[in-house]
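Undergrad: Going letter by letter, the sequence shown gives residues 0 to 59 in numbering that gives the first Met the number 0. Just so you know, even glycine gets a beta-carbon here, dropped at the ideal spot from N, CA and C. Before we start, here is the structure in question, set down as structure tokens.
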Amino acid sequence: MYKETMGFVKGIGAGIVASVAVAAVGSQMMKNNRHLRRDAHRAMHAVGNAMQNVEHMFKA
Numbered sequence: 000m001y002k003e004t005m006g007f008v009k010g011i012g013a014g015i016v017a018s019v020a021v022a023a024v025g026s027q028m029m030k031n032n033r034h035l036r037r038d039a040h041r042a043m044h045a046v047g048n049a050m051q052n053v054e055h056m057f058k059a
């Protein structure tokens, strides 16, 4: 049981380290690339609009 828990905790730790590394690289790219920022902004709006449409379908 202990080894299974430690494996899970190590996996979570590795995931956190990987996400921090990706976030650091991504933030550096976002600072230097205006086109990438604009595309990311458009994608965020598209996802937001899709979520609003889904909410509207469930309310109706």
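Could you spell out the range, first to last residue, of the alpha helix (DSSP H) harbouring Asn52?
TA: Looking up residue 52 in the sequence shown gives position 53. 33 to 58 is the span of the alpha helix (DSSP H), which, as asked, contains Asn52.
Undergrad: Rounded to a whole number of angstroms, what is the C-alpha to C-alpha distance between Gln27 and Val46?
TA: The count along the sequence shown starts at 1 and reaches residue 27 at position 28. The count along the sequence shown starts at 1 and reaches residue 46 at position 47. Each residue's Cα considered, the two are about 23 Å apart.
Undergrad: How about Met29 and Arg36: are their beta carbons less than 8 Å apart?
TA: Counted from its first residue, the sequence shown places residue 29 at position 30. Counted from its first residue, the sequence shown places residue 36 at position 37. Taking 8 Å as the Cβ cut-off, Met29 and Arg36 qualify as a contacting pair.
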